[in-house]
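Residue numbers (mature numbering (1 follows the signal peptide of the UniProt record, and there is no 0)): -21 to -1, 1 to 156.
Note that the Cβ used here is the ideal one computed from N, Cα and C, for glycine as well.
Down below is the structure, laid out as structure tokens.
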């Protein structure tokens, strides 16, 4: 009988998977000559002062840190069309994301001529207005992403049910003795 208990204990020890208290998640995208984004734990908590590294073709093209709200903006070299963004929150908490610049052209350097205008509004003013209008949409997407990664009631109850099932199977095996 003791041999069976030792065998069961050995099986449990060999099949244990690592515990994940929380994961590091991030969202990043190109914005002009910078990579911007947010970093947060799967609980939705923002990651402050995490190191952000942007690499392209194996070379580091920018580095920075997250602010108190987990947001970051890292200036990068012009001409960068794809990048690997890494957020390192320390103690093994690391997230990677590969991003690519969309088909939209890279922002032009400062023009020496006057910017083109449509009805007295410059192209830069239009870009700023559009960016201001879509900022709430980006925030909503970020909030939805955070909400989806939090442990919800069905997952918690499923975990408790799994544990109760394992204990029940163990007790049943013990009673069969």
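Residue 35 sits in a strand when the DSSP states are folded into three classes. Residue state for residue 72 is assigned as coil, using DSSP reduced to three classes. Here residue 129 carries a coil assignment [DSSP, helix/strand/coil]. Shown here, residue -18 sits in a helix according to DSSP, grouped into three states. If you check the CB distance, residue 13 and residue 26 do not come in under 7 Å. Taking every protein chain shown into account, the CB of residue 112 has fewer than 16 other CB atoms within 10 angstroms, so this residue is exposed. Rounded to the nearest whole angstrom, the CA to CA distance from residue 107 to residue 146 is 60 Å.
Rounded to whole angstroms, the separation of the alpha carbons of residue 3 and residue 69 is 10 Å. Relative to the Cα of residue 77, the nearest Cα in the group 9, 135 and 28 belongs to 9. The residue from 130, 48 and 140 with its alpha-carbon nearest to that of residue 15 is 48.
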